[in-house]
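Chemist: Residue numbers (the UniProt record's numbering): 1 to 746.
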Amino acid sequence: MANQCLVWEKSVSEQWLSSMLISFAQDVTIKEPVKVFFTALTFAAILKIKAKRSKVHACESSQQVKTGYYKKHFCTLKLSEVEEMRRRQAKKQNMTRYLTELGLYLVFVFFLMAVCYGNRNDHRYLMTKSIRDGISKFDKMSQHHLIIAMYWSWLQHVFIPGVFSSRWYNGQRDEQTISIGNKHSLLVGMARLRQLRVKATQCKVLNYMKTSFEECFKGYSTNNEDKTVYNKPGWRPIDNATRNDDLFQLSPKPWRYQHAEETDATPRWGQFSFYDGGGFVADLGYDNHTGFSIVTNLQNNGWLNRQTRVVLVEFSTYNPSVNILGVATYFYEVDASGLKAASMQTRVLSLDSTDTLSHQFYLICLFLYIVFVFLYFGREIFRLYNQRSRYFMSIWNWVETLQIVFSLISVVIYMILQSKTISTMGKLRKNIYANLSFQEAITCQEVENVVLGIVNFIVTIKLLRIIRFNNYVALFSTTLKISARSLLSFSIVLCIFFVAFLHFGVLVFGSVSGRYSSVLKGAYFQLELTLGRVKARPINELAQANTIYAKIFAFLILFTLTILCMNFFIGIINDALLDAKNYVSESELYDLIDENRCSSSKERKEFFDATSNRLKQSRTSKTSAEVMDKESGNIGLDPTNSSNLNFDLISQAIIAWRKKRSRETIDKQQCSTRRQALFDRISNTLKSLKGESNDDCSKRTEKKKVRFQEDVVQSSLRKLRKREHDLLQRLESIVSGFTAEDEEFD
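(1) Helix, strand or coil, according to DSSP, for Ser343 in the structure here?
(2) Going straight from the alpha carbon of Asn431 to that of Phe164, what length do you get?
(3) Between Asp629 and the rest of its own chain, which residues show a CB-CB distance below 8 angstroms, the 5 nearest in sequence each way excluded?
(4) Which one or two residues does DSSP pair with Trp154 in a beta bridge?
(5) Which first and last residues belong to the beta strand (DSSP E) in which Tyr332 is found?
(6) Apart from the five residues just before and just after Ile482, which ones in its own chain have a Cβ nearer than 7 angstroms to its Cβ?
(7) For Glu268, count neighbouring C-beta atoms within 10 Å of its own C-beta (all shown protein chains included) and say buried if the count is 16 or more, exposed if not.
(8) Find out if the Cβ-Cβ distance for the pair Leu436, Leu428 is shorter than 9 angstroms.
(9) Near Gly291, which residues of its chain fall below 8 angstroms by C-beta distance, leaving aside the five closest residues on each side in sequence?
(10) Rounding to the nearest angstrom, what Cα-Cα distance links Thr562 and Ser486 in this structure?
(11) From what residue to what residue does the alpha helix (DSSP H) around Asn471 run?
(12) In whole angstroms, what separates the C-alpha of Gly378 from that of Gln93?
(13) Since Cys216 and Thr228 are thought to touch, with beta carbons under 8 angstroms apart, how far apart are those beta carbons, to the nearest angstrom?
(14) Out of Thr263, Pro252, Val311, point me to the one whose CA is closest to residue 775's CA.
(15) Taking the alpha-carbon of His359 as reference, which of Asp335, Gly118, Ala550, Lys722 has the nearest alpha-carbon?
(16) For the beta strand (DSSP E) containing Ala282, name the first residue and the last one.
(17) Since Tyr230 sits in a beta bridge, which residues does DSSP pair it with?
(18) Would you call the CB atoms of Phe108 and Tyr376 closer than 9 angstroms?
(19) Starting from Gly189, trace the beta strand (DSSP E) in both directions and tell me its first and last residue.
(20) Per DSSP, what are the beta-bridge partners of Asn305 in this structure?
(21) I want to know whether the stretch 455–470 touches the stretch 80–91 - three or more CB-CB distances under 8 angstroms.
(22) Could you check the C-alpha separation between Met393 and Leu102 for me, to the nearest Å?
(23) In the DSSP output, what is Leu349 paired with across the bridge?
(24) Quick check: what's the CA-CA separation for Val399 versus Tyr98?
(25) What I want to know is whether the C-beta of Val281 ends up closer than 8 angstroms to one or more non-hydrogen atoms of the ligand FMN.
(26) Extract the residue ranges of the alpha helix (DSSP H) inside the stretch 500–555, only unbroken runs of 4 or more that lie entirely within it.
(27) Just to confirm, are Met127 and Met141 a CB contact at a threshold of 9 angstroms?
(28) Anyone know if the C-beta pair for His259 and Gly234 falls short of 9 angstroms?
(29) Could you tell me if Leu206 is buried or exposed, where buried requires 16 or more neighbouring beta carbons within 10 angstroms of its beta carbon?
(30) Applying the 10 Å Cβ sphere with the 16-neighbour rule, what's the burial state of Leu727?
(31) By the three-class DSSP mapping on this structure, what secondary structure does Ser693 have?
(32) Nearest to Val450 by CA position, among Ala441, Ser410, Val508, Lys199, is which residue?
(33) By the DSSP assignment, the alpha helix (DSSP H) with Cys216 in it spans what residues?
(34) For Tyr318, count neighbouring Cβ atoms within 10 angstroms of its own Cβ and tell me buried if that reaches 16, exposed if not.
(35) Touch check for the stretch 540–555 and the stretch 497–516: three-plus C-beta pairs under 8 angstroms?
(36) Please classify Lys218: is it buried, with 16 or more other beta-carbons within 10 angstroms of its beta-carbon, or exposed?
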């Protein structure tokens, strides 16, 4: 090799060495291991075939031994042992079915949790807090007596600098004009003001006061909303002789009414009313200077007056770092009584990128969740088809139905939400300065959250059904069943006391305290007191209205509802819990077999014991007794003796005994039919004798009772005979099975 390297020179030698090393590495790492693997696989397959053949021969040689064992094992079994084996097998099947159901349900719960929380994180809360902290001091305006002046000042000095891009801390101008004041989020569309107004109506006062009060302005509703299309600045009306070309010049946009289709806004709940999506809209532009000039112009021309019922300040912002869109709405509301309130609502929408692995995993879980929903839907349809009206008698079937219905609704709402979001984002990509609204997408997300919350609640409640064999769950269920009547009667007394205090509180303290300003607020306040949430501040608010009544009222409501009624409630639950512990300890909590056949485990045990005793008695009949006496000497541990049993003779004896029993049953049924016909004739005769004395009536009643009791006895006997017939059929099938096995072995 050294001589060849000297002849080939350096470059050729290096190439030769590299090729040799590469070839050696391929042989060691790839070629040789593959050869060894396939060689071992071939030998393993050949040896496995030989092992199968030897196993077959071994099985054939051991059949005789197994035959003797089976005969001996069957002959030594008792009927009670057979029933115990059957019960054990049924319990295994039910346990397997239960574990399968539990596993599938837990998988469904996992996919549901992934759908609910897959696209949710703490960035949503941080985004909301960032918006609220960036535009603050709005909630405090309702505490100021000059709220209108404070509102205009807040718009000019807090809202506009917070929404539009301003200078940096060193005085330099921000080149990113579409960002908001915190420099991290971008302004989507334009910020705007939307006002809803009411019409001026005639005051309903006394006649001598009409000259003093000519106009009144009611609270907001869709019926009395002012929808005047064109107005001059200062809310002056447009002359009828004005040409159409001059309308837009005389009536700027903030003074023109726009419907909900034009504003692209959805109806919103406020503190005082439910507000429509239309109104008078004033767009604030895209920079600080434009927004400030528009707000100043509206203030100078009296854009807010007595007819104003609400002003909604709306803007949308997007943070690309966390892919979250925030929509903030500031409510300035005016009630008909003159009360003014300021509040805000901030809602966020996650816009996850479709390129990330987490979003792809979320989509996979969503797809599997939809598959599970449709599978459960098909299963419930099949159950409904089989059970018909009996399906609706179980409360858990209703729970399952509600779970499927709300799951389907959540899937439909998710599809609508995605279509709305994609449509709006498509418009935004075309024109980043377009005045867009994400209100519909936000509303769909809120509805989806509510529906998913209901589904999670139902799924969590259903876990009680799945773990029903647990001792504590059974104890809880039994406690509720025992205390149901007592709690129902006690709740009536509690409601009477509760409503009595509620009436007194609303009538006496309703005009002064906000706790009793309405029936709903009063009920909520009394529930807090009943549950023990007692604070000094609410009591002091009541004392401001009337000191004497407030103290007496507070003492009575705390003593009656909080101390007396709640202790009664706890006492009822405690007594029921003690009874439930005694009841549950005596029953079989973990018995999962034949739940539909017997109403309780105690009845089930009695049923199996009675059946076993009945079968033992049937074995002592004449025909079977002869067979058992004849073959009794062969029952032992020796398999050679057990092979002398005549299983055909045993089977024939059982069949003959069953035929004899069926003939006796037919004779008894005929006798029962004649007896029933006799009682029917007597009953018809007694019905025709309505004019007889009271003694005859009492005798007829006694005969009816006798007939009813005999019918009940006959019905019970028929049920017992039917059960006996079924058990004998099972025994015959067992015997015939072993007989066929013996014949095969012989």
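Backbone N, C-alpha and C fix where the C-beta goes; we use that ideal spot for every residue, glycine too.
It should be emphasised that the depicted structure is a prediction, and the values quoted were computed from it without experimental measurement.
Modeler: In short, the structure shows the following:
(1) strand
(2) Taking the CA atoms as reference points, Asn431 sits about 19 angstroms from Phe164.
(3) Caution is warranted here: a pLDDT of 49 is assigned to Asp629, below 50, making its placement in the model unreliable, and the coordinate value is therefore given only provisionally. Cβ within range, chain order: n/a, list empty.
(4) Looking at the DSSP assignment, Trp154 forms no beta bridge with any residue, so it has no partner.
(5) Looking at the DSSP string, the run of the beta strand (DSSP E) that includes Tyr332 is 324–334.
(6) Ala576, Asp579, Ala580
(7) Strictly speaking, residue 268 in this sequence is Arg, with Glu absent from that position. Buried.
(8) yes
(9) Only Ile160, Val163, Phe164, Ala191, Leu284, Gly285 meet the Cβ criterion.
(10) 19 angstroms
(11) 471–482
(12) 23 angstroms
(13) Not really, about 18 angstroms apart at Cβ, beyond 8 angstroms.
(14) Look at the range of the chain in this structure, 1 to 746, and you will see that residue 775 is not part of it.
(15) Gly118
(16) Start and end: 279–283.
(17) Arg256
(18) yes
(19) 186–197
(20) Beta-bridge pairing by DSSP links Asn305 to no other residue.
(21) no
(22) 23 angstroms
(23) Leu325
(24) 18 angstroms
(25) The ligand FMN is not part of this structure, which contains no ligands at all.
(26) Runs of the alpha helix (DSSP H) spanning 4 or more residues and lying entirely within the stretch 500–555 occur at 519–530, 536–545, in chain order.
(27) No.
(28) no
(29) exposed
(30) buried
(31) With a pLDDT of 45 at Ser693, under the threshold of 50, the modelled position of this residue cannot be trusted, and the question is left open.
(32) Ser410
(33) Neither: Cys216 is in no alpha helix (DSSP H) and is coded neither H nor E.
(34) buried
(35) yes
(36) Sixteen is the threshold: since fewer than 16 other Cβ atoms of the shown chains lie within 10 Å of the Cβ of Lys218, the residue is exposed.
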